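Numbering (the working numbering), first residue to last: 56 to 294.
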C-alpha cells in the first residue's frame, strides 16, 4: 500500500481536554468510514509492558507488529485509531459471550468497540513500534494467546509526548469517548447487524469468520510463549 495521508476529520462537536485545546468528539462523516478504511489487522494477544493497567488504569492488549502479516502497517502514520475488535475467548472465560453475528459453533467471536495506538509511545520513549488495543469493556481476567481481529475504522490523532502522566491519561480517556461516540452512529456499527439488520459487508463478515491456518499457528505459538514466560517468571501477567 502506498503512503497514506491521515483522513480528514468530519464535522463534529468539540470539547476541551487537559492541554486546554479542543478536539472533535466525532471522527468521519455520518455515512461511514472513508478510504483507506476500514483496515484489517489480526493476531494473537501477546504480553506487553503491562503499563496500561499498572500505571494508567487503561488495560491494553498487544498484537504483533509484523509487516509480513499486515503489509499496510509500515505505511500508516503512528497515532491513535479506533474501530471494532473481535475476540475469540474460550468458553471458560468470564466474559465469554458469543456475538449474535453468524459464525460457526467452534468459532464464537465476541465483538467490542476499541481504541488503539500504533507507534512508539513517546512518553515512554519506546524504541520498537507497537500496536496496543484498549477494548471499551471491562474484563475481570486477561486473555493472552486469544485470537483477535481488528476492523480499524478511522484515525483519531497523532501520537505525542506529555509533560506528565495526568495529561496522558486525560488524552487517552478522551480518545475512548471519541471512539465510543463515533461508533454509535448507524453506518459505523457492526454489532447491530446480527439483530435483524443486513449482514452483507465482507469486511464485517471477516470479523467472525473461522480461523485461517496461519492464524491458528500464530495463536498456538503465542500461547506456548506465554506459558514459557509464566513458568520462568518473565514478563507481565496482566494486560
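Note that CB positions come from ideal geometry on N, CA and C, so glycine has one too.
Computed from a prediction, not measured in an experiment: that's the story for all the values here.
Three-state secondary structure assigned by DSSP to residue i
i, result
"residue 220", "helix"
"residue 292", "Note that residue 292 has pLDDT 44, beneath the 50 cutoff, so the model's placement of it is unreliable and no number is given."
"residue 129", "helix"
"residue 95", "strand"
"residue 266", "coil"
"residue 285", "helix"
"residue 118", "strand"
"residue 123", "coil"
"residue 237", "helix"
"residue 188", "strand"
"residue 227", "helix"
"residue 277", "helix"
Contacts around residue i, its chain only, beta-carbon distance under 6 Å, and the 5 residues preceding and following it disregarded
i, result
"residue 252", "Reliability fails at residue 252, whose pLDDT of 41 lies under 50, so the model's placement of it is uncertain and the value that follows must be treated cautiously. Excluding residues within five positions, none has a Cβ falling inside 6 Å."
Those residues which DSSP pairs with residue i across a bridge
i, result
"residue 243", "Answer is none; residue 243 lacks a bridge partner."
"residue 168", "139"
"residue 213", "134"
"residue 203", "98, 142"
For residue j and residue i, the rounded distance between their alpha carbons
i, j, result
"residue 303", "residue 195", "No statement about residue 303 is possible, as the shown extent of the chain runs from 56 to 294 and does not include it."
"residue 219", "residue 171", "20 Å"
"residue 257", "residue 147", "30 Å"
"residue 243", "residue 287", "43 Å"
"residue 210", "residue 285", "35 Å"
"residue 85", "residue 265", "31 Å"
"residue 199", "residue 112", "18 Å"
"residue 160", "residue 231", "Residue placement at residue 160 cannot be trusted, given a pLDDT of 44 that sits under 50; the coordinates are not used to answer."
"residue 101", "residue 191", "18 Å"
"residue 203", "residue 77", "33 Å"
Whether residue i touches residue j by CB criterion (7 Å)
i, j, result
"residue 201", "residue 142", "yes"
"residue 169", "residue 188", "yes"
Proximal residues to residue i (C-beta, below 7 Å), its chain only, five neighbours per side dropped
i, result
"residue 273", "98, 99"
"residue 278", "200"
Own chain, CB closer than 8 Å to residue i, minus 5 neighbours either side, in chain order
i, result
"residue 236", "80, 81"
"residue 216", "177, 178"
"residue 32", "The question about residue 32 has no answer here: the residues shown for the chain are numbered 56 through 294."
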